[in-house]
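Quick notes on the structure that follows.
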Amino acid sequence: MKRVVHPIEVESYRRLRARLDTSHFPTLTRAVVERVVHCAADLEYATDLVMAEGDLVRAHAALHGGAPVVVDVEMVGAGITRRETVCRLRDAGSEPGLTRSAHAIRLAYEQVGPGALWVIGNAPTALEELLTLDADPALVIGLPVGFVGAAESKAALRASGLPAVSNVSEKGGSAVAAAALNALLYHPVPAEEKP
265 MKRVVHPIEV ESYRRLRARL DTSHFPTLTR AVVERVVHCA ADLEYATDLV
315 MAEGDLVRAH AALHGGAPVV VDVEMVGAGI TRRETVCRLR DAGSEPGLTR
365 SAHAIRLAYE QVGPGALWVI GNAPTALEEL LTLDADPALV IGLPVGFVGA
415 AESKAALRAS GLPAVSNVSE KGGSAVAAAA LNALLYHPVP AEEKP
């Protein structure tokens, strides 16, 4: 089913593009940058986000091929439209040396195994835990927010070599992480890739 875009969103993107030239970005990178900037009304994300187009191309194919989507908190899942997500935070308990968010990531990995898309917008400890697992992700959208551990966990993600979308600053959050995933969801599948 084709996504119907509301006129307000069309006008918002027109205004965004009048203030920010995104034409130099590759196709999927541009989609992610614009969706995140649109969601946060923060033009600085255009220079703060870090991603590789090749990773996004492979993640886009995995996503549209049915790979599971795991989120760290329900708020991220609520922002992802047109797709079911896995969130195990309600099932997480207190494990020695782990936050609930980190334990939830372990539980989700046990459920979905390798090849998922991971969308972390809240807890740096969730991202840190994911990096200890052999998750072989299709993509990690690591955009946790905060003054404690957020920038450091995103730097560790970039250093890991995993396919990722992250940003350099402490900025991030559930809406931003969901927006990055939605950019890939909303972007059409090329005709030659459709079943």
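According to our numbering, the sequence shown is numbered sequentially starting from 265.
Backbone N, C-alpha and C define an ideal beta-carbon position, used for all residues, glycine too.
Practice item. With residue 406 as the anchor, note down where its beta strand (DSSP E) starts and where it stops. Key: 403 to 406
Practice item. Report the rounded CA-to-CA distance for residue 260 versus residue 320, giving the unit in angstroms. Key: The question about residue 260 has no answer here: the residues shown for the chain are numbered 265 through 459.
Check your understanding: Helix, strand or coil: how does DSSP classify residue 287 here?
Key -> coil
Exercise for review: Assign residue 305 to buried or exposed, taking buried as 16 or more other Cβ atoms, counted over all protein chains shown, within 10 Å of its Cβ.
Suggested key: exposed
**Study point:** Residue burial classification, residue 452 (beta-carbon count within 10 angstroms, cutoff 16)
**Key:** exposed
Check your understanding: Is residue 337 helix, strand or coil when you go by DSSP?
Key -> coil
Practice item. Examine the Cβ distances between the segment 330 to 340 and the segment 437 to 449 and report whether three or more of them are shorter than 8 Å. Key: yes
Check your understanding: Would DSSP call residue 433 helix, strand or coil?
Key -> coil
**Study point:** Beta-carbon separation (whole angstroms), residue 379 vs residue 326, contact threshold 8 Å
**Key:** 7 Å
Exercise for review: Buried or exposed for residue 384, please, with buried defined as at least 16 other CB atoms from any protein chain shown within 10 angstroms of its CB.
Suggested key: buried
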